[in-house]
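> Before anything else, here's the structure in question.
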Ligand SMILES: Nc1ncnc2c1ncn2[C@@H]1O[C@H](COP(=O)(O)OP(=O)(O)O)[C@@H](O)[C@H]1O
Ligand SMILES: [Mg+2]
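In the numbering used here, the protein residues as written are 1 to 264.
Dropping the structure here:
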């Protein structure tokens, strides 16, 4: 089994003397997995994601992503690593308001030194796949929450990251829009994208992630197959009966055409 993320005895304390936000967590995620991270507010979910992304440094323990020990990289090394290997999406989208949709998506490719023509092609491809190409020249403030999250997903994918991290990506969306974003993530995982998804929503976890890790006070309380493993099937059947427009079948490679090495 190819492990994409390997956390070993990971502990994170903020400040000194405080209690640990993450305490002695060891966890492996295989390439191709979709893992939901659940737990009460303050249980360490965001801290865990930030450690995996190299946005934060552990107090002790190691973080290995795609074969790279990121806890021992310097600032520049971590930044470069994150640009290439990690895509992140957040509850409140974190788009740049002064840039158009297309420029928001282009920016990480430009920062990674991708040729402009190639970056534009990739951006157009993603905007089309995520059905937001009609908004390419709009500013984020003009878009709905669901549209903004789709822009954020496109931006996260532009450099073909090995790993997509999502911190409560549906937390600011209504139920129907949240489901739409969940379906997109499911499609992405079906086409091979490894992802770790923090959510408060057990339904989302069951439907869109095969495995759920429960955190409690910074520790792994449980780790196993997401409950109600047939929720995905049930929901699809329900949708069919409900007469909603059929959604396109997941097409492998829709988001990840072309060899990744041509990119770097
Ligand atoms: N930057 C920070 N400085 C100090 N304490 C923090 C910081 N970020 C998180 N914490 C603390 O760490 C714990 C875990 O927080 P967090 O990872 O945000 O939890 P969750 O995402 O599960 O709600 C909480 O007690 C929180 O107050
Ligand atoms: Mg959080």
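Each residue gets a CB set at the ideal place from its N, CA and C atoms; glycine is no exception.
Let me confirm a value: residue 115 is counted as buried when at least 16 other C-beta atoms fall within 10 Å, else exposed. Which label applies?
Answer is exposed; the Cβ neighbour count stays below 16.
> Just to confirm, does residue 47 get its C-beta within under 7 angstroms of one of the non-hydrogen atoms of ligand 1?
Yes - ligand 1 has a heavy atom lying nearer than 7 angstroms to the Cβ of residue 47.
> List in chain order: all unbroken alpha helix (DSSP H) runs of 4+ residues lying wholly within the region 155 to 220.
Entirely contained in the region 155 to 220, the alpha helix (DSSP H) runs reaching 4 residues are, in chain order, 175 to 190, 202 to 208.
> Can you list, in chain order, the residues of its chain whose CB lies under 8 angstroms from that of residue 21, leaving out five sequence neighbours each side?
Once the five neighbours on either side are set aside, the close Cβ partners of residue 21 are 12, 13, 14, 44, 47, 218.
> With hydrogens ignored, establish whether the beta-carbon of residue 192 is closer than 7 angstroms to any heavy atom of ligand 1.
No; taking the cut-off as 7 angstroms, the Cβ of residue 192 has no heavy atom of ligand 1 nearer than that.
> DSSP on residue 59, reduced to helix/strand/coil?
Residue 59: coil per DSSP, three-state reduction.
> Using a Cβ-based criterion (distance less than 7 angstroms to any ligand heavy atom), does residue 167 qualify as near ligand 2?
At least one heavy atom of ligand 2 is nearer than 7 angstroms to the Cβ of residue 167, so yes.
> When the distance is taken between beta carbons, is residue 173 closer than 8 angstroms to residue 85?
It is not a contact, given that the beta carbons lie outside the stated cut-off.
> How should residue 135 be labelled, buried or exposed, when 16 other C-beta atoms within 10 angstroms of its C-beta is the threshold for buried?
When all chains shown are included, residue 135 counts as buried.
> With hydrogens ignored, establish whether the beta-carbon of residue 208 is closer than 7 angstroms to any heavy atom of ligand 1.
Not under cutoff, so the answer is no.
> Might you give, ordered along the chain, the residues of its own chain that have their beta carbon closer than 6 angstroms to the beta carbon of residue 240, omitting 5 neighbours on each side?
Interpretation of residue 240 is limited by its pLDDT of 33, a score under 50 that renders its predicted location unreliable; the figure taken from the coordinates is listed afterwards. Within the same chain, residue 240 has no close Cβ partners at all.
> I need the DSSP call for residue 101, collapsed to helix, strand or coil.
Residue 101 falls in the helix class under three-state DSSP.
> Could you tell me the distance, in whole angstroms, from the CA atom of residue 190 to the CA atom of residue 196?
Cα to Cα, residue 190 sits roughly 14 angstroms from residue 196.
> Is the region 169 to 185 touching the region 105 to 119 in the sense that three or more CB pairs, one from each, lie closer than 8 angstroms?
The region 105 to 119 is not in contact with the region 169 to 185.
> From this set, 17, 23, 18, 31, which residue's C-alpha is nearest residue 6's C-alpha?
That would be 31, whose Cα lies nearest to the Cα of residue 6.
> Between the alpha carbons of residue 141 and residue 97, how many angstroms are there, rounded?
Approximately 7 angstroms between the Cα atoms of the pair.
> Got a sec? Which residues, its chain only, sit under 8 angstroms from residue 225 by beta carbon, not counting five neighbours each side?
So the qualifying residues of the chain are 210, 211, 212.
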